[in-house]
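The structure appears below as structure tokens.
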Amino acid sequence: MKEKILVTGSCGQLGTELVAGLRDLYGESAVVASDLFEPKNEAFPAGPFEVLNVLDKKALTDAVVRIKPTQIYHLAAILSAAAEKNPTLAWDVNIAGHMHVLDVARDSGGMVKKVYAPSSIAVFGPNTPRESTPQHTITDPSTVYGITKLVDERLADYYFKNYGLDVRSIRYPGLISYKTPPGGGTTDYAVDIFHKVVADRKFTSFLKPDSALPMMYMPDAIRATLELMDAPAEKLNIRSAYNLTAMSFTPAELADEIRNQFGDFEMNYAPDFRQAIADSWPASIDDSAARNDWGWNPAFGLSEMVADMLLNISKGQPA
Ligand SMILES: NC(=O)c1ccc[n+]([C@@H]2O[C@H](COP(=O)([O-])OP(=O)(O)OC[C@H]3O[C@@H](n4cnc5c(N)ncnc54)[C@H](O)[C@@H]3O)[C@@H](O)[C@H]2O)c1
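330 is the number that this note's numbering gives to position 195 of the sequence shown; each next residue is one higher, with no gaps.
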């Protein structure tokens, strides 16, 4: 079957690279990207684009009727640190926007065959086991972002069980990439650090040196997303969201790895409100369900990711 794809929130950190991955796979014209505004980033891939606010259900319905997508990748969201500053907006975009997408897909008369709507490790909370966090465990998020993502997971499972909608999701860990700046998350330090290393060899971390968090390099996140969406439906046992990971590290471990290439790099620490968010999240994740159900296997560990980030960010710096 010829696929047609609509991506919401596509100008963000994930969307910029996922749209490129989808266009490589399905062709440029088969993937319609959308967001609140036209792409400003030079790295954004060329191809069809629409301005679309997921809070406007009529505009979303009209877009689906016009574009006729067979798959929707719903990435529009307000991330953790940004959500703490505006909980009402986070509730609206992350829950109402998500439900609009599920409703429009459900009511499309079978035209929309699959929906992808990512979740996050933010669904876990202070009473969740922190090491090797299981797929099924306590989820008592203490951030508004985590609360909204947990509601989204339950809604995805509900729409699958009650309406037969093929919804798929991943609980991404912190995503590390160099093409697009991160959008206001608690793991943003692990992206910002590379730009500061290359520019002036100094960085101040907003997390403590020993604050371990699960992370993933963007090429792995894109491949995981495409592999999950390509997996046969009968193999998938989880319709809320799959645990997924590639590596876990602390700011001090990341700094040490960077010093293998930049021996004079200076790291300082000034923890802010994001430390409390990080403290409530897992330090490492058990993703055996994703490995067993659809064969997940990450390619990038800490040293491979650091080498690739430094190489690519150094290329972009003026001599
Ligand atoms: N980046 C990460 O580390 C990370 C980790 C876990 C989960 N996720 C999830 O992945 C998805 C994408 O995240 P991201 O990192 O690309 O976020 P981002 O903040 O970089 O991008 C989100 C995009 O959504 C758009 N948006 C906001 N409100 C909108 C609305 N009302 N209508 C349409 N678009 C709207 C924004 O303009 C932005 O371009 C989100 O669901 C997020 O929760 C990301």
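Here a beta-carbon is modelled for each residue, glycine too, at the ideal position from N, C-alpha and C. Just so we're clear, the structure is a prediction, and the values are computed from it rather than from any experiment.
query, result
"Closer than 7 angstroms by C-beta to Asp345: which residues in its own chain qualify, once you throw out the five before and the five after it? Chain order, please.", "Thr385, Ala387"
"Taking all protein chains shown into account, decide if Ala454 is buried (16 or more other Cβ within 10 angstroms of its Cβ) or exposed.", "Summary for Ala454: the model assigns pLDDT 38, below 50, so the residue's position carries little reliability, and this model does not support an answer."
"Between Ser312 and Gln148, how many whole angstroms is the CB-CB distance? I'm expecting something under 8 angstroms.", "6 angstroms"
"Drop a sphere of 10 angstroms on the beta-carbon of Asp399, count the other beta-carbons inside from all chains shown, and report buried for 16 or more, exposed for fewer.", "exposed"
"Is the closest heavy atom of ligand 1 to the C-beta of Ala381 under 7 angstroms?", "no"
"List the endpoints of the continuous beta strand (DSSP E) containing Ser449.", "Segment 437-451 is the alpha helix (DSSP H) holding Ser449; no beta strand (DSSP E) there."
"Does the count of Cβ pairs from the region 436-454 and the region 328-343 closer than 8 angstroms reach three?", "yes"
"What is the DSSP secondary structure of Glu138, counted as helix, strand or coil?", "coil"
"Check the C-beta distance from Val258 over to Pro276 and give it rounded, since I have them as a contact under 8 angstroms.", "6 angstroms"
"Quick one: does the C-beta of Leu460 sit closer than 7 angstroms to a heavy atom of ligand 1?", "No statement about residue 460 is possible, as the shown extent of the chain runs from 136 to 454 and does not include it."
"With a cut-off of 8 angstroms, does the C-beta of Asn378 fall near any C-beta of chain D?", "As a matter of chain content, chain D is missing from the structure shown, which is built from one protein chain."
"Identify the continuous alpha helix (DSSP H) that holds Ser423 and give its terminal residues.", "423-429"
"My parser needs the beta strand (DSSP E) runs of 3 or more residues fully inside the region 148-193; what are they?", "166-170, 184-186"
"What residue from Ser304, Glu219, Met350, Gly260 has the CA that sits closest to Asp456's CA?", "An answer regarding residue 456 cannot be provided, because it is not within the stretch 136 to 454 covered by the chain."
"On the DSSP letters alone, give me the boundaries of the beta strand (DSSP E) that Pro472 sits inside.", "In the structure as shown, the chain begins at 136 and stops at 454. Residue 472 is therefore absent and cannot be evaluated."
"If I measure Cβ to Cβ from Asp301 and keep anything under 8 angstroms in the same chain, skipping five residues before and after, which residues do I get?", "Lys248, Lys249, Val250, Phe295, Ala368"
"For Gly309, which residues does DSSP report across the bridge?", "Met350"
"Applying the criterion that 16 or more other CB atoms from any shown protein chain within 10 Å of the CB defines a buried residue, is His271 buried or exposed?", "exposed"
"Hey, would you say Thr339 sits closer than 8 angstroms to Asn262, going by beta carbons?", "no"
"Taking one C-beta from the region 232-245 and one from the region 160-178 each time, how about it: are there three or more such pairs within less than 8 angstroms?", "no"
"Going by C-alpha distance, which of Ala225, Ala424, Asp443, Arg306 is nearest Thr274?", "Arg306"
"Let's test the definition: count the other Cβ atoms within 10 Å of the Cβ of Ser164 and tell me whether it reaches 16, buried, or not, exposed.", "exposed"
"Pick helix, strand or coil for Glu266, following the three-state DSSP scheme.", "coil"
"Between the alpha carbons of His209 and Asn395, how many angstroms are there, rounded?", "39 angstroms"
"Looking at the structure shown, is Val247 part of a helix, part of a strand, or coil, going by DSSP?", "coil"
"Counting C-beta neighbours from all protein chains within 10 Å, is the total for Ser438 16 or more, i.e. buried, or is it exposed?", "exposed"
"Can you tell me where the alpha helix (DSSP H) with Asn297 in it begins and where it stops?", "279-298"
"Quick check on this structure: which residue in Asp323, Ile393, Ala291 has the alpha carbon closest to the alpha carbon of Val441?", "Ile393"
"So, at 7 angstroms on beta carbons, what are the nonlocal neighbours of Ser243 in its own chain, with the 5 sequence-adjacent residues on each side left out?", "Val199"
"How many Å lie between Lys193 and Asp227 at the Cα?", "16 angstroms"
"Go ahead and pull the three-state DSSP assignment for Asp197.", "helix"
"Among the residues of its own chain, which have a CB less than 6 angstroms from the CB of Leu214, if the five just before and after it don't count?", "Gly318, Gly319, Gly320"
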